[in-house]
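Here the sequence shown is numbered in full-length UniProt numbering, starting from 1 and rising by one per residue.
Here a beta-carbon is modelled for each residue, glycine too, at the ideal position from N, C-alpha and C.
What follows is a set of notes on a single structure, which appears directly below.
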Amino acid sequence: MNLIAGKIFSFLVLIALSVMTVLLIQRMRQSKEPVDIRRLAGLDALEEVVGRATETGRPIHYNPGIGSIESASTGARVLGGMEVLGWLSFQCARYDTRLITTHSSPSSYAIAREVVRNGYVQAGKPENFREESAQFLSSNQMAFAMGAVQIMQRENIASNVLIGSYGAECLLLAEAGNTLGAIQISGDTNAYQLPFLIVTCDYSLIAEELFAAGAVLSNNRDVYGSLIAQDYGKIIALVLLVVGSLMVTFGNKAIVQLLSW
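Next up, the structure:
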């Protein structure tokens, strides 16, 4: 009994949130009503990213960081960035703009290559897809960062999109784009790296904005459902926090006993 003491309430909350998420996803699949999501400056700027590269004849660089799709801690962020990559590849195919993606993970490299290929197919220009659009550099963090910086400088990129999962390499990538005068959009949920991305990039997608951007661009109603479930979960947590604080202040420890159940 000691193994589960104090964990029952957390387990029940997890089950409740999981059920709520599944139900909301099913509801979004069945509903055809448009979803009202706050417009994001970084999302609106993606059109400027494509426009700048098209006007100057210089390529767009996309980089998802050092995260891998099979990782529990980074997979969601990398996949969220892939939704943005899908939109970018479609627009690049439409306007005959060159797109370069650099990767440190074999899994993200393989998926990104197919995402870019699919973008060209959807645009009706599969013959314009080039295999070198997606490049695997190195699994070593700093070697990967230096390889990506060298490509950015050699190709003289017009736009730099850094959306995914980042570590110490994020500042190297963002500063390289900054010195080239590229318009930069970043996105991550890692609170340790966000300050560096916000300072060095023109626009940043912060935390869940990364997933919201992917949902809007791909019109993925499953992601819409999960985002709504997250918002409901935050509201419930906030209500418990406020009610619990008030109860404890006035000497009622019922909420404390519930949480420790």
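Scanning its chain for C-beta atoms nearer than 7 Å, with the 5 sequence neighbours on each side dropped, one finds around Q122 the residues F90, in chain order. Taking the C-beta atoms as reference points, A53 is found nearer than 7 Å to T97.
Across the structure, D231 and L137 are spaced so that their CA atoms are roughly 37 Å apart. As the crow flies, the alpha-carbon of A191 is around 30 Å from that of M28. Per DSSP, reduced to three states, the secondary structure at F136 is strand. Contact between I69 and L79 holds, with the beta-carbon distance rounding to 6 Å and staying under 8 Å.
With a cutoff of 7 Å on beta-carbon distance, V199 and A176 are scored as not near each other. When the five nearest sequence neighbours on each side are left out, the beta carbons in the same chain lying within less than 6 Å of the beta carbon of G187 are those of I163, L205 and L210, in order along the chain. Under DSSP, L99 takes part in a beta bridge, and its partners are I60. For R58 and Y95, the gap between their C-alpha atoms comes out near 12 Å. When DSSP states are grouped into helix, strand and coil, G81 belongs to the helix group.
G75 carries a helical assignment under DSSP once its states are collapsed to helix, strand and coil. For L217, same chain residues with a beta-carbon under 7 Å away, outside a window of 5 residues either side, are E83, V84 and W87 in chain order. Counting only runs of at least 3 residues, the segment 148-217 fully encloses the following beta strand (DSSP E) elements, listed from N- to C-terminal order: 159-165, 183-188 and 203-206. Residue pairing by DSSP puts G65 in a beta bridge opposite S165.
Taking C-alpha positions only, R113 is separated from T101 by approximately 8 Å. Closest by C-alpha distance to L23, out of V223, R154, E55 and S139, is V223.
Contact between A182 and A145 does not hold, since their C-beta atoms are separated by about 16 Å, which reaches or exceeds 8 Å. For I185, the closest C-alpha among the options E47, F9 and S226 is that of E47. E132 sits exposed, since fewer than 16 C-beta atoms from the chains shown fall within 10 Å of its C-beta.
Linking G147 to N140 through their CA atoms gives a straight-line distance of about 10 Å. If you ignore the 5 residues before and after P126, its C-beta comes within less than 8 Å of the C-beta of R117 and Y120, all in its own chain and listed in chain order. Comparing alpha carbon positions, the residue from C201, V243, Q26 and E169 closest to G42 is C201.
Non-local C-beta neighbours of I8 in its own chain, meaning closer than 8 Å and more than five positions away in sequence, comprise W261, ordered along the chain.
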